[in-house]
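In the numbering used here, the protein residues as written are 52 to 230.
Single-structure report; data block below.
Here it is as structure tokens:
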């Protein structure tokens, strides 16, 4: 009889484990989804924007339909005036694709006024503006002004050292061209 009770307990434990596993299988997907969602929100607190407008702009850009791409990026900026990516894309289209430097400059300037522009991007844009003024528009004073602004904003930094080197090279080139 003791052996019969042992088999009964054994089967009882198996049935209990079976129901626990069934319950776990039933609850696991929603629980896993909740846990993964919480982890995702921890890593990426801002909701990711997947915009039809962004998609359309990128398609136009790939197809080299720059005017249409710019219209789509402008729509993005109307929705979110602080969208750094869209602003940068517009400036780059005017600068690199259409070579319309007169339109690229104000787009780069707008980017520099945005709240969350990282230092690296700010310096890169200032250097690109210096390149445009120097190489495309041959405006030495504005080139120097762009580089000086880097020095003023980031004194005693690698950015200011690089800007000082560029200024030195510009002055040397100017001196050599006057000879």
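Heads up, the beta-carbon is just placed ideally off N, CA and C, and yes, glycines get one too.
Would residue 116 pass as an interface residue toward chain B - the criterion being a Cβ-Cβ separation below 8 Å? No chain B is part of this structure, which consists of one protein chain only.
Do you know how far the Cα of residue 203 is from the Cα of residue 148? Translated into positions along the chain shown, residue 148 becomes position 97. Translated into positions along the chain shown, residue 203 becomes position 152. A direct Cα-Cα distance of roughly 31 Å separates residue 148 from residue 203.
Would you mind giving the Cβ-Cβ distance between residue 163 and residue 142, rounded to the nearest angstrom? I have them listed as a contact below 8 Å. Taking the chain shown and counting its residues from 1, the one referred to as residue 163 is at position 112. Taking the chain shown and counting its residues from 1, the one referred to as residue 142 is at position 91. The Cβ separation is near 10 Å, so there is no contact.
Whose CA, out of 140, 188 and 105, lies closest to the CA of residue 130? Reading the chain shown from its first residue, position 79 is the one you call residue 130. Sorting 140, 188 and 105 by C-alpha distance to the C-alpha of residue 130 places 105 at the top.
Pairwise C-alpha distance: residue 224 and residue 138: On the chain shown, position 87 is the one that residue 138 refers to. On the chain shown, position 173 is the one that residue 224 refers to. Their backbone Cα atoms lie some 33 Å apart in a straight line.
Considering just the uninterrupted stretch of the alpha helix (DSSP H) at residue 186, what are its terminal residues? To locate residue 186, count along the chain shown from 1; it is residue 135. Unbroken run through residue 186: none, as it is neither H nor E.
Whole-Å CB distance - residue 210 paired with residue 179, under 8 Å assumed: Stepping through the chain shown from its first residue, residue 210 is reached at position 159. Stepping through the chain shown from its first residue, residue 179 is reached at position 128. 14 Å between Cβ atoms; not a contact.
Locate the alpha helix (DSSP H) running through residue 232, then write down its first and last residues. An answer regarding residue 232 cannot be provided, because it is not within the stretch 52 to 230 covered by the chain.
Tell me which same chain residues have a C-beta within less than 7 Å of the C-beta of residue 135, skipping the five on either side of it? Here residue 135 corresponds to residue number 84 of the chain shown, with the count starting at 1. Only 162, 165, 167 and 168 meet the Cβ criterion.
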